[in-house]
Structure formats: C-alpha cells, structure tokens
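Going by this note's numbering, 642 is the number at position 642 of the sequence shown; the sequence numbering is gapless.
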Amino acid sequence: MLGKKLSYQINSSTVEFEFEHGTAYVTVVTDTIMNVFVPYQSKDHRSKAIEGDKRQNVSVKVSEENGAVQIKTDKLTAEVHDDFLIDFYKEDGTLLCEDFRGERKKKARLSDEALATLESEGHAVSADGEKEDPVMVIKKMDGDEKFYGLGDKTGVLNKRNYEYENWNSDLPQAHTDDFKALYKSIPFLITLKKTGVFGMFFDNTYRSHVNLGKENDAYYYYSAENGNLDYYFISGEKMTDIVEGYTYLTGRTPLPQLWTLGHHQSRWGYLSAEDIRRVAHKYRELQIPCDTIHFDIDYMDGYRVFTWNEKDFGAPGGIIKEIAEDGFKVVCIIDPGVKLDPGYAKYDEGIANDYFAKTPEGEVYVNEVWPGEAVYPDFGKPDVRKWWADNQKFLVDLGVRGTWNDMNEPASFRGELPQDVVFTDEDQKTDHAAMHNVYGHLMSKATYEGLKENDKRRPFVITRACYAGTQKYSTVWTGDNQSLWAHLRMAVPQLCNLGMSGIAFAGTDVGGFGADCTPELMCRWVQVGAFSPLFRNHSSVGSTYQEPWQFDEKTLRIYRKFVELRYQLLPYLYDLFHECELTGLPVMRPLVLHYENDPETWNLNGEFLVGENLLVAPVLEQGETKKIVYLPEGTWYDYETKKPYQGKQYYMVDAPLDTCPMFVKEGGMIPTYELAQYVGEKPYDTLKMRIYPGDGTYLHYQDNGEDFAYRDGAYNEYMFTHKGNEKEASVQMNKEGYTKYKNILFE
C-alpha cells in the first residue's frame, strides 16, 4: 500500500503523485484512455505491446476536492485517493469502475495436513492462496458485471467466476474449461455492466493472474509476480469502442494477402515430397478448393531450422515450385530451438555472435526439442531479431510464401526453462521470468520484418504463442486441440474472445490436431472453420488422416460444399480485414459485441457474427439435426432462401448434417466471387452482391490482394446503397485507384 497522498504535480499529460511509500502516475493518453503506473521495478514502461507514443493532445483538467484529485477529460474522469485507490467516471458523472476498499476474503481452504493427505492419495491439489503476488490491483465487482477478452483462454465466452494465469504454456493434455493458462498471454479485459462498458489492459510480461470473482463475488483482481503496475483504462460508449481503443494502443491486424483467407491443408506426418504431391493432386482431382499446404518439421534436415531435407523432399524448393504450378502456396514451420551442432551454420553463427540465451553462470543454455539438444535465440536483442529476419531469405528463395512459428512459448522437452535463464530486454540483461510471455511475440516480429524485407509482399506469419500486440505481425491458431466435440464447442467462444483481444486473424485446427476425427465431427467442424478467419485443416502424426477424402462420400461432399462457400465469400471476408486494419474490429464476433444491451447475448456461446451482417449458428453437438438459434433485434433473413425471421426471439431451425444455419441482417449486402479452386486461378473481374430486404449501405474494398501498393492509393472503394425490397443497389465509387470490376451483378 502506498499510504497517504503527500503531493502531486502536473507534467503535461501526466500527473505524478507522491505517497508515503512511493510514487505513482496517471497519464492521459486520449480523451477515453488513461494509464495507471506504479514503478515497483523500473521507472520506464518498456512495453512490448505498444509501439510509439500514443498520447494525443487533449484537454485535461486537474483539481482537488475533499482530498481526492480529479483528472478529467471531456469523456473520462479518474479520481485518485490515498493508497493510490482510483475510481473512474463517465463524462456524465456515472461511476464506471472503482477500486475495492473492503477486506479480501479468500475462499475456504483445507488445512495443510488435509492437502498433504489428498496429494499422497494421488489427488490434484491446488496451491491457491499460498503465495501473494507483489503487484496487484483489486476492483469492486457489481452483481451484473460480465467479462470478455483475455485471448485464447478456454471455456465459455463470459469469464465471470473464473480465474486465469498469463503464462504461455504448451500442455499435452486435452484442453478443458478449467485450464488456467494456454499458449497466449493477452492480459486485456472488457467489462460490461448496466452503468457502462470499459476495458483494462495490464501491460506486464511476468507471470500474472486474473481472478474474476472466483475468490469472492465482491471483487475481481489482476496480479503479477514481478514488474510494475502498468495498466490502461479504456472507456467508450459501446463495446466496439473498447476494442477500437485497445487496438489503437497495441496495433491492428494488417491487411493480409487474399490467398491466406482461403483453405489451408496441413498435417504433421507429410514425410516426403511424394506425400505433399499426392495431397496436392488429390485436391485438384476432387475439385475441392485449396490454396495452401503447410510443411511441418520433416521438411528440415534433422530438424535444423533454415535447412532442407533433400533425402525425402528432393532438391531444395523443387516440390514447392512444382505444386505452385497448380496454384498451391507453401507455408513452412520454423521452431526457435537451434540444434546444438558445431559445424551447423546457424548454430555457429549464433555462438560467434552471442545470440543465444545463457545460464546465470554465463554458459549457453541448453535444453531439448525436436532436433535433440538445442539452444534458444535471445529475441530480446535487436541484432538477434535482425539475424532471424535475415534468415527468412532462405525460405523466400525456396518459394515459401509464409512462416509458421511453433514451439515458441518457448516449449522444451526437459521441463520448463528455469526462471533465471539470462535473456536480454533490448539494451539490458533480464531473465526468462520477464521475457517468457513475449518470446513468441518477438520471434513473430522478427519473422514479419524478415518476410517483408525479403519478399516485398504482405507477410504471412502464423504463431502459436503470443502476447498483446502480436496481431501486428502474425495470425494465430489455438494450438494443439483434439478431435473432440468439446473442443469444437470451445472453438466459438475462444475465437470470439481472441478477436475482441485484438487477434482478428485466428483459427483452430479444423477436425482437431490430436486423436481421431469422426465423419460427423469433421462435417460440423468445417462448418465453423469455413467462417473462421484462419481456415486450416491440421492433424497429428499417429492420428487418422483427415483430409476430406479420407472419410466417406457424404462427408467429402459436405466438406467441399463449405469450402466452396468460403471461396465465394472471399470478398466479404477481405472487406472485414480491411475494416479491421482501420478500426481493430474482428472478423469473427460474438453477438454481444454489437448487441450488448440484449441480455440473451451476454452468455451466448454457440453462434457468432461474421462482420455485422452475417450470423452463423453451427451445430456443435453430436447427433443433433436441429439448432436453437437466437436472433437479436431487427429482421433477419435466411442466407439461402431469404425467408424472414423477426428478431429478439429464439427459433428451432432444421440443421441436417449438410446444413449450417446462416442469417443476414435486414438491409444487409454480402459480396461474393465466382467459385475458383484457388486465389489466382482466374481474375476476379465480376462481383456479385447478395441483397436482402431493408435499407442499407455497404462499403466494398478492392485491391490486388498481394502487396503494399494499396498504402499508396492503389485500391478501389465502392459504396452500395439499397432501399426496401429493391432488387438492385446503387453503386458509387468513393475511391478509384485500381482496375475496376468488369461486371457487378445483384441477386
């Protein structure tokens, strides 16, 4: 506790407070965002998530009344009290959020003796409450408060009454609702209650904890094992404002290449060029659209990064060029672990230049991953990131179109890296405890910059581990899921919360990575995958193959149907990524993001929006052929038949195995392309707009789908306007900087 407030002084947009036991700061970033900072460890922020100075020139008024200091913008007020307790108010004086003043009352625990007995009998024992984190903020929790965000955490959409840990973790067991940590650490929370909505981003890279009322329903808290108290309070009129504010701070997903929105095929277990060739030929033979094949670890020579396995994959890059003639793009996996192998160029370069993490005694730290004994690049060093970026040229020269970063929590086979392994934070030494959660983030940054420099096209990077802000560099997948109905059900809230946490380009392994996928599960999973931002079928060696032709003819037909739908919807998805680059709003959205005042959406786990116009309600339960669908306010239309449904009510709709219920909002317009087997097979010179009754406007974006020319104005914007039951919409060119469509059709 900081004790009584002694004084304060104003320095531009920052108010510095002196308390009995320390110094603290409140900084106005924008008229809706403030930063709260207590320098427990260091005087500077050293953020890995936020790049550049985000402060805007806004009017700030500071005053003191009854011992409390008010820091006020036109839209947000922070009121600072003794002990650095802070309350936040809306512009009209409504209390949004207040620090908790009462006594913490932890949940009842068994005695140490009882816990020891349970543990000796083989029961899992929780150590909750045994250690108190030194960095902590506790907020009063209202009875109607809901919580969203936190990245890839398992379980349901609304995180109230759960607790989580931010510590990037590769856990081999099947992911369940009670997992506290997974591959990603994104300590960003959106809070919704009757008095308003706000967000908090806790920018601390150490292991941290979030308890959202599980300990006590009177409060919730964030805590960290080390570092500073450094959080951003983000206010707004609606939930979308909070996402926009958070991504203003941490960055937004850049517009990807169009082909990356297509269908991806992957498997750990493609062991040779012939395996790859066979998969590529089968996709074209069966006329199932596919753009991308991912190469897992076996393409490397002895799992050495930036090498090629000529024995099984032939001449370097040969198979890549061969399947490229049939429209396939290749994404290759790269792990951070560099094989300990004197004579291997990358190991020798790293040793010569002091690029690897070390033990406290100064020796290069060694653990074990796929190549055997391996060492870990110290990505906190700028010159290491430059080295890693330069090495992307090896892949680019082979014809590789994207890099898949795996095992970058960082993972290891001999247990977790010790906390005291020495890493670097830009210009100073630090330890693994500080850099663990940003290891994958910094690896992705280096990869992105290397691809951008060596390829010139928009980089495609996919990563398993990440931190807040990684969306600037990489797409993500949710990691090693399994072929379980529970994991299909989990996919929807998991991807929706990732989207609200800034990670707009995300997906799951369609069909499940581990275990064996059944035909029914694959049919239902592809109906989620077809609408997920990243659409990749991926599975593990040892499991049954799950390419679509590995199942029965009915499953193949259903799989093809939804992949074809995905390719028809490419211009709609691309429009949403364009919107995301501008606003940070995700592609895949929970209904609550647009209908936060509708209680039916607060805990809705089984349906989602793609953009604002398209509602998708997939079947997520084995054996079900009907789906209970909730439609929010307004009139909604069946995507195919255009049958109308009145909103704010539930419907029981038919959903046989080959059907995924889809609805379009009144006045909605959905742009589509003619079906192609891959992006680039033929020019997209005709746009077809699906029009649904009602008044509406739609902004459509078009560019070459590949490079950065759009940032210099090489793009088109079309504004469509529709009235009532008209069969067509009017079209106006808002911007013309690229080749226009030859035809625009309506249906």
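We put the CB at the ideal spot given by N, CA and C, even for glycine.
As the structure is a computational prediction, the values presented were derived from the model and not from experiment.
Residue i and residue j closer than 7 Å at C-beta
i: Met669; j: Phe720; result: yes
i: Val400; j: Cys332; result: yes
i: Phe767; j: Ala468; result: As shown, the chain starts at 1 and ends at 747. That puts residue 767 outside it, with no answer to give.
i: Tyr753; j: Ala357; result: Because the chain here runs from 1 to 747, residue 753 falls outside it and cannot be looked at.
i: Thr478; j: Asp178; result: no
i: Asp695; j: Gly667; result: yes
i: Gly737; j: Gly713; result: yes
i: Glu145; j: Asn211; result: no
i: Asp296; j: Trp259; result: no
i: His578; j: Tyr741; result: no
i: Tyr231; j: Lys139; result: no
i: Val38; j: Ala49; result: no
i: Met200; j: Leu593; result: no
Spatial distance of residue i from residue j (CA atoms)
i: Gly129; j: Ala433; result: Since pLDDT at Gly129 reaches only 48, below the 50 mark, its modelled position is unreliable, and the value read off the structure follows with that caveat. Cα-Cα distance, rounded: 21 Å.
i: Lys727; j: Phe746; result: 7 Å
i: Leu657; j: Ala530; result: 15 Å
i: Pro336; j: Tyr248; result: 30 Å
i: Gly502; j: Leu582; result: 12 Å
i: Trp636; j: Ala709; result: 38 Å
i: Leu609; j: Gly67; result: 47 Å
i: Ala486; j: Asp406; result: 24 Å
i: Leu96; j: Leu573; result: 35 Å
i: Ile10; j: Asp203; result: 23 Å
i: Glu624; j: Ala655; result: 8 Å
i: Asn537; j: Pro548; result: 9 Å
i: Asp170; j: Ile276; result: 28 Å
i: Ile748; j: Gln287; result: Within the shown structure, residues of the chain are numbered from 1 to 747, placing residue 748 beyond reach of any answer.
i: Gln392; j: Tyr645; result: 51 Å
i: Leu229; j: Arg207; result: 13 Å
i: Val664; j: Ile691; result: 9 Å
Simplified DSSP assignment, three categories, for residue i
i: Ala49; result: coil
i: Asn404; result: Rather than Asn, the amino acid found at residue 404 in this sequence is Trp. Note: Trp404 maps to strand in three-state DSSP.
i: Val60; result: coil
i: Cys580; result: helix
i: Asn168; result: coil
i: Gly129; result: Confidence is the limiting factor: at Gly129 the pLDDT is only 48, short of 50, which leaves the residue's position unreliable and the question unanswerable from this model.
i: His209; result: strand
i: Trp388; result: helix
i: Cys496; result: helix
i: Cys466; result: strand
i: Pro256; result: coil
i: His294; result: strand
i: Ser185; result: strand
i: Val528; result: helix
i: Thr94; result: coil
i: Arg55; result: coil
i: Gln471; result: helix
Residues near residue i by beta carbon distance below 7 Å, same chain, minus five either side
i: Leu488; result: Leu521, Arg524, Trp525, Val528, Leu620
i: Asp455; result: Val396
i: Glu215; result: Lys106, Lys107
i: Lys5; result: Phe17, Phe19, Asp82
i: Pro533; result: Ala504, Phe505, Ala506, Gly507, Val587, Met588
i: Phe394; result: Phe306
i: Lys682; result: Ala676
i: Asp480; result: Phe513, Gly514
i: Tyr715; result: Tyr701, Gln702, Asp703, Lys735, Gly737, Tyr738
Cut-off 6 Å between Cβ atoms - residues of its own chain near residue i, not counting five sequence neighbours on either side
i: Glu600; result: Tyr630
i: Asp341; result: Tyr347
i: Ile462; result: Trp404, Thr475
i: Glu98; result: Asp87, Lys140
i: Asn743; result: Thr686
i: Lys75; result: Asp31, Thr32, Glu91
i: Met1; result: Asp83
Contact set for residue i: own chain, Cβ-Cβ below 8 Å, skip 5 residues either direction
i: Glu244; result: Gly236, Thr583, Gly584, Leu585
i: Phe413; result: Asn367, Glu368, Val369
i: Asn605; result: Val156, Leu157, Arg489, Val492, Pro493
i: Glu640; result: Met662
Runs of beta strand (DSSP E) wholly within the stretch 96-158 (minimum 3 residues, chain order): 135-140, 146-149
Secondary structure, alpha helix (DSSP H): runs of 4+ residues fully inside the stretch 312-369: 318-324, 345-352
Contained beta strand (DSSP E) runs [length at least 3] in the stretch 593-673, N- to C-terminal order: 608-610, 614-616, 626-631, 635-638, 644-646, 649-654, 662-665, 669-672
Runs of alpha helix (DSSP H) wholly within the stretch 262-295 (minimum 4 residues, chain order): 273-286
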